[in-house]
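Asker: One structure, pasted below without further comment.
Numbering (the working numbering), first residue to last: 44 to 269.
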């Protein structure tokens, strides 16, 4: 009987302690203490504005709030440039034409900057500088720009002559204008073949390593089963 009474007293004391701590925590929650929802990830930041700059032109700023469609069209011209590793070698400066610098802003703070060349020979080109406004580590790289680059910048207010991509046939048809100097040259083909050769050698090395590993595993298994 004595032991059962002691156990009941201990249970009562423990229950009172738990109720007391719960009651002390409740006012803190009622007073507006910060709470977090388990399993809910914070929202990723989104770009809010784009600024377009060029020599001899007043700066143009397009915000997602005021002109969402134009902002989305301009963002498409540069959104793929932050993660890619570059597509082409550095073109000659004389072939690039006028430069337009685009600064992508998050909450009115510049985060990315890119140089666009909509009038470059052979089609639009884009350049990603190694030095970025947010001090992130990256490398300088050149890219083939989207065919819609010149039209997107022109609609935004850049002094670029209208340059339609389709000569005839209207929507869904027609012939695309492809300048002669946009066709691959002999040096481009040599570079492509060299990259393919390097890729084949790399894949061959991986296959050999895997084969050696499998042979080693098979030898170990064979020795253990003897």
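Cβ coordinates follow ideal geometry from the N, Cα and C atoms, glycine included.
(1) When the Cα atoms are used, what is the spatial distance from residue 161 to residue 244?
(2) Quick check: the Cα distance between residue 219 and residue 250, rounded to an integer number of angstroms?
(3) Using alpha carbons as the reference points, say which of 158, 184, 193 and 150 lies closest to residue 98.
(4) Would you mind listing the alpha helix (DSSP H) stretches within the region 105-193 that are 4+ residues and don't spill past its ends, in chain order?
(5) Going by beta carbon distance, what residues of the same chain come within less than 6 Å of residue 130, once the five residues before and after it are set aside?
(6) DSSP beta-bridge partners for residue 89?
(7) Roughly how many angstroms lie between the CA atoms of residue 178 and residue 258, to the nearest whole one?
(8) Return the CA-CA distance between residue 141 and residue 94, expressed in angstroms with no decimal places.
(9) Can you check which of these residues, 85, 86 and 109, is closest to residue 92 by C-alpha distance?
(10) Considering only their Cβ atoms, is the gap separating residue 113 from residue 201 smaller than 8 Å?
(11) Measure how close the beta-carbons of residue 136 and residue 144 come, nearest whole angstrom, since I'm counting them as under 8 Å.
(12) Nearest-angstrom Cα distance between residue 262 and residue 248?
(13) Look at the alpha carbon of residue 163 and the alpha carbon of residue 169, and state the distance between them as a whole number of angstroms.
(14) Residues in its own chain within less than 7 Å of residue 125 by CB, not counting five upstream and five downstream?
(15) Between the alpha carbons of residue 180 and residue 237, how many angstroms are there, rounded?
(16) Measuring straight from C-alpha to C-alpha, what distance separates residue 149 and residue 253?
(17) Quick one: what's residue 94 bridged to in DSSP?
(18) Helix, strand or coil, according to DSSP, for residue 247 in the structure here?
(19) For a test of the three-state rule: what should DSSP assign to residue 201, helix, strand or coil?
(20) Quick one, are the C-beta atoms of residue 192 and residue 172 less than 8 Å apart?
(21) Can you list, in chain order, the residues of its chain whose CB lies under 7 Å from that of residue 205, leaving out five sequence neighbours each side?
Answerer: From the atom records:
(1) Within the chain shown, residue 161 is the residue found at index 118, counting from 1. Within the chain shown, residue 244 is the residue found at index 201, counting from 1. Looking at the two C-alpha atoms, the distance is approximately 37 Å.
(2) Looking up residue 219 in the chain shown gives position 176. Looking up residue 250 in the chain shown gives position 207. Note on residue 219: pLDDT 42, under 50, position unreliable in the model; the coordinate value appears next. C-alpha separation (whole angstroms): 43 Å.
(3) Translated into the one-based positions of the chain shown, residue 98 becomes position 55. Checked all of 158, 184, 193 and 150; the closest Cα to residue 98 is 158.
(4) List check, alpha helix (DSSP H) in window: 111-119.
(5) For the purposes of this step, residue 130 is identified with residue 87 of the chain shown, where counting begins at 1. So the qualifying residues of the chain are 186 and 187.
(6) In the chain shown, the residue the question calls residue 89 occupies position 46. DSSP output for residue 89 lists no bridge partner at all.
(7) Translated into positions along the chain shown, residue 178 becomes position 135. Translated into positions along the chain shown, residue 258 becomes position 215. Taking the straight line from one Cα to the other gives about 48 Å.
(8) Within the chain shown, the letter at position 98 stands for residue 141. Within the chain shown, the letter at position 51 stands for residue 94. Roughly 17 Å separates the two Cα atoms.
(9) Taking the chain shown and counting its residues from 1, the one referred to as residue 92 is at position 49. Minimum Cα distance to residue 92 is reached at 109.
(10) Here residue 201 corresponds to residue number 158 of the chain shown, with the count starting at 1. Here residue 113 corresponds to residue number 70 of the chain shown, with the count starting at 1. No; because the gap between Cβ atoms is not below 8 Å, this pair is not in contact.
(11) Translated into the one-based positions of the chain shown, residue 136 becomes position 93. Translated into the one-based positions of the chain shown, residue 144 becomes position 101. Not a contact, Cβ separation roughly 15 Å.
(12) In the chain shown, residue 262 corresponds to position 219, counting from 1. In the chain shown, residue 248 corresponds to position 205, counting from 1. Whole-angstrom Cα-Cα distance: 21 Å.
(13) Along the chain shown, one-based indexing puts residue 163 at 120. Along the chain shown, one-based indexing puts residue 169 at 126. C-alpha separation (whole angstroms): 10 Å.
(14) Locating residue 125 in the chain shown gives position 82, counting from the first residue. Closer than 7 Å at Cβ, skipping near neighbours: 155.
(15) One-based indexing of the chain shown puts residue 180 at position 137. One-based indexing of the chain shown puts residue 237 at position 194. Their Cα atoms are separated by approximately 28 Å.
(16) Stepping through the chain shown from its first residue, residue 149 is reached at position 106. Stepping through the chain shown from its first residue, residue 253 is reached at position 210. Per the coordinates, the alpha-carbon of residue 149 lies some 46 Å from the alpha-carbon of residue 253.
(17) To locate residue 94, count along the chain shown from 1; it is residue 51. Answer is 104 and 146.
(18) Counted from its first residue, the chain shown places residue 247 at position 204. In the structure shown, residue 247 sits in a helix (DSSP, three-state: H, G or I).
(19) The count along the chain shown starts at 1 and reaches residue 201 at position 158. Three-state DSSP puts residue 201 in coil, outside helix and strand.
(20) Within the chain shown, the letter at position 149 stands for residue 192. Within the chain shown, the letter at position 129 stands for residue 172. Not a contact, by the Cβ cut-off of 8 Å.
(21) Here the question's residue 205 lines up with position 162 in the chain shown. Closer than 7 Å at the Cβ level, and outside the excluded window around residue 205, lie 197.
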